[in-house]
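**Student:** Residue numbers (our numbering), protein chains in the order written: chain A, 138 to 355; chain B, 785 to 1002. From the three backbone atoms N, C-alpha and C, an ideal C-beta is built for every residue, glycine too. Please read all numbers here as calculations on a predicted model, not as lab measurements.
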């Protein structure tokens, strides 16, 4: 199979106006992925599926990722003149990365027996109504998995034929796989609490009886 | 003339003198009481409700099959309808989405009815206890007679629980102060079915049923 760079160049040529970004992966597997823009995502996905050299006809897995807002403090060495002498001084400055929700698709080719190619789409923010284009029209197997992402992360997929909760009940309002999800308070009986459970269970403990420590002088 | 048995407050025979019974049996006279006969009949024909929730159900099936053979103790007739069942074996993880159905099935069973909570999940939520969708034990909604620890418990453990339940039935009183719960008019045989709420089941537990041991902690 051709490299991701070649796929990117060919896809951008095939779909005019498409902006594809290669997301490197710093882990050992180094499995880079393609970030699609929302507007041309369906067209690019159709190209990946139908191109005779790629034929990525099997979408094996779709999953969501929740990226929180993060702040990275970087230390930069700056040359400054202090008391007439030039010195190198370390200056810390914060870099802010806003959080977003992500849908990741793993694609394989059954016909040509190659893969995976990983594609991603990102929402602009982590708001509850965050939207992404649905790729169910391209790969039918994405239907239930996009519903699962909607259920657990709250991403709405435009163009999905039947976007309902799939695991949780319809009346449920939270998105439990989001990192800021907090479970309902049913920690009243925890015989072996630890870590976070201990903190939650402590709220149910009977308050320590007040001891009158001020001794009255005799 | 020796007394045949001790009489309780309301005149019902509760206990037969063992020596006298053995003596009579040697002469071909078999003596029993209504209570003994009644409990003997019931405990040797416990029909479980046929349903399984997770991997514990596989062990339950193994228990019912030829190798472990629950039929030896009278529990072989798994009924596909709660109307014909005496025993509910809660075999597996009870998800919050499933809990109302379990309570509803329990309510549909005729009295006298018993519950075996099989495995770590049905007892407390087990390894999924901190999950967002797992009930922390079925005893939050329905009364449980026998708990079997294990993940999953071996078929021998289920047989043991079954025999414990038989022992319990054997000792149940038909009258008097300590009569069996299903004979006491004031004891409920149905319990409210929880509703699906916005964050959790509503209510998340039934305080009339769920009375965990008090943990002395401050």
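Relative to the C-alpha of residue 885 of chain B, which residue among B/913, B/896, B/926 is closest?
**Tutor:** Comparing Cα positions, the closest option is B/926.
**Student:** Is the beta carbon of residue 937 of chain B less than 9 angstroms from the beta carbon of residue 882 of chain B?
**Tutor:** Cβ atoms of residue 937 of chain B and residue 882 of chain B: not closer than 9 angstroms.
**Student:** Are the CB atoms of residue 851 of chain B and residue 342 of chain A nearer to each other than 9 angstroms?
**Tutor:** No, these two residues do not count as a Cβ contact at 9 angstroms.
**Student:** If distances are taken between C-alpha atoms only, which option among B/905, B/956, B/820 comes closest to residue 837 of chain B?
**Tutor:** Ranking B/905, B/956, B/820 by Cα distance to residue 837 of chain B puts B/905 first.
**Student:** Is residue 305 of chain A close to chain B? Criterion is C-beta to C-beta, closer than 9 angstroms.
**Tutor:** So yes, residue 305 of chain A belongs to the interface.
**Student:** Could you tell me whether any Cβ in chain B is nearer than 9 angstroms to the Cβ of residue 202 of chain A?
**Tutor:** So no, residue 202 of chain A is outside the interface.
**Student:** Please compile the residues from chain B whose C-beta is within a distance smaller than 8 angstroms of the C-beta of residue 255 of chain A.
**Tutor:** Residues of chain B passing the Cβ test: none, with the nearest at roughly 27 angstroms.
**Student:** Provide the residue span of the alpha helix (DSSP H) that contains residue 819 of chain B, from first to last.
**Tutor:** Unbroken alpha helix (DSSP H) run through residue 819 of chain B: 818 to 827.
**Student:** Using a Cβ-Cβ distance under 9 angstroms, would residue 285 of chain A count as near chain B?
**Tutor:** No - not a single Cβ of chain B is within 9 angstroms of the one on residue 285 of chain A.
**Student:** Can you check which of these residues, A/329, A/337, A/327, A/332, is closest to residue 320 of chain A by C-alpha distance?
**Tutor:** Residue A/337 is the option with its Cα nearest to residue 320 of chain A.
**Student:** Hey, out of A/144, A/148, A/179, A/155, whose CA is closest to residue 273 of chain A's CA?
**Tutor:** Residue 273 of chain A has its Cα closest to that of A/179, out of A/144, A/148, A/179, A/155.
**Student:** State buried or exposed for residue 955 of chain B, treating a residue as buried only when at least 16 other CB atoms are found within 10 Å of its CB.
**Tutor:** Label assigned to residue 955 of chain B: exposed.
**Student:** Using the Cα positions of residue 306 of chain A and residue 980 of chain B, report the straight-line distance between them to the nearest angstrom.
**Tutor:** Between residue 306 of chain A and residue 980 of chain B, the C-alpha separation is close to 7 angstroms.
**Student:** According to the Cβ coordinates, are residue 871 of chain B and residue 899 of chain B closer than 9 angstroms?
**Tutor:** Yes; because the gap between Cβ atoms is below 9 angstroms, this pair is in contact.
**Student:** My understanding is that residue 312 of chain A touches residue 290 of chain A, with C-beta atoms under 8 angstroms, so please give their C-beta distance in whole angstroms.
**Tutor:** Yes, they are in contact, since the Cβ atoms of residue 312 of chain A and residue 290 of chain A sit about 5 angstroms apart, within 8 angstroms.
**Student:** Against chain B, with Cβ distances strictly below 9 angstroms, would residue 368 of chain A count as a contact?
**Tutor:** Any question about residue 368 of chain A goes unanswered here, given that chain A covers just 138 to 355.
**Student:** Counting only runs that start and end within the region 153 to 222 of chain A, where is the alpha helix (DSSP H) found for 4 or more residues in a row?
**Tutor:** If we require 4 residues or more, the alpha helix (DSSP H) runs fully inside the region 153 to 222 of chain A come out as 178 to 187.
**Student:** Start and end of the beta strand (DSSP E) containing residue 888 of chain B?
**Tutor:** Run containing residue 888 of chain B: none in the beta strand (DSSP E); it sits in the alpha helix (DSSP H), 883 to 892.
**Student:** Pull the bridge partners of residue 148 of chain A from the DSSP assignment, please.
**Tutor:** Paired residues: none, contrary to the question.
**Student:** Roughly how many angstroms lie between the CA atoms of residue 992 of chain B and residue 890 of chain B, to the nearest whole one?
**Tutor:** Each residue's Cα considered, the two are about 16 angstroms apart.
**Student:** Decide if residue 177 of chain A is buried, meaning its Cβ has at least 16 other Cβ atoms within 10 Å, or exposed.
**Tutor:** When all chains shown are included, residue 177 of chain A counts as buried.
**Student:** Distance cutoff 9 angstroms, beta carbons only. Does residue 925 of chain B sit that close to anything in chain A?
**Tutor:** No - not a single Cβ of chain A is within 9 angstroms of the one on residue 925 of chain B.
**Student:** According to DSSP, is residue 333 of chain A part of a helix, a strand, or is it coil?
**Tutor:** Three-state result, residue 333 of chain A: helix.
**Student:** Determine the contact status of residue 172 of chain A and residue 244 of chain A, defining contact as a CB-CB distance below 9 angstroms.
**Tutor:** No.
**Student:** Figure out for me which residue from A/159, A/168, A/183, A/165 has the closest Cα to the Cα of residue 152 of chain A.
**Tutor:** Out of A/159, A/168, A/183, A/165, A/183 has the C-alpha closest to the C-alpha of residue 152 of chain A.
**Student:** Less than 9 angstroms between CB atoms is the rule here; does residue 1001 of chain B satisfy it with respect to chain A?
**Tutor:** Yes, its Cβ sits closer than 9 angstroms to a Cβ of chain A.
**Student:** Could you tell me the distance, in whole angstroms, from the CA atom of residue 965 of chain B to the CA atom of residue 998 of chain B?
**Tutor:** Cα-Cα distance, rounded: 24 angstroms.
**Student:** Looking at the C-beta of residue 982 of chain B, does it have a partner C-beta in chain A at a distance below 9 angstroms?
**Tutor:** Output row for residue 982 of chain B: interface = yes.
**Student:** Span of the alpha helix (DSSP H) holding residue 288 of chain A?
**Tutor:** Run containing residue 288 of chain A: 279 to 290, per the alpha helix (DSSP H) assignment.
**Student:** Quick check on DSSP: helix, strand or coil for residue 806 of chain B?
**Tutor:** DSSP places residue 806 of chain B in helix when its eight states are reduced to three.
**Student:** How about residue 267 of chain A and residue 238 of chain A: do their beta carbons lie closer than 9 angstroms?
**Tutor:** Contact flag set, yes.
**Student:** Which residue comes first and which comes last in the beta strand (DSSP E) that contains residue 772 of chain B?
**Tutor:** Residue 772 of chain B cannot be examined here, being either before or after the span of chain B that is shown, 785 to 1002.
**Student:** From B/864, B/840, B/970, B/984, pick the residue whose C-alpha is nearest to that of residue 1009 of chain B; which is it?
**Tutor:** Outside the modelled stretch of chain B, which goes from 785 to 1002, sits residue 1009 of chain B, for which no answer is possible.
**Student:** Please report the Cβ distance between residue 928 of chain B and residue 945 of chain B, rounded to the nearest whole angstrom; I am assuming they are in contact, meaning their Cβ atoms lie under 8 angstroms.
**Tutor:** Actually they do not touch by this definition, with Cβ atoms about 11 angstroms apart.
**Student:** Does the Cβ of residue 283 of chain A have 16 or more other Cβ atoms within 10 Å, making it buried, or fewer, making it exposed?
**Tutor:** Buried, because 16 or more other Cβ atoms sit within 10 Å of the Cβ of residue 283 of chain A.
**Student:** Where does the unbroken beta strand (DSSP E) through residue 258 of chain A begin, and where does it stop?
**Tutor:** Residues 251 to 259.
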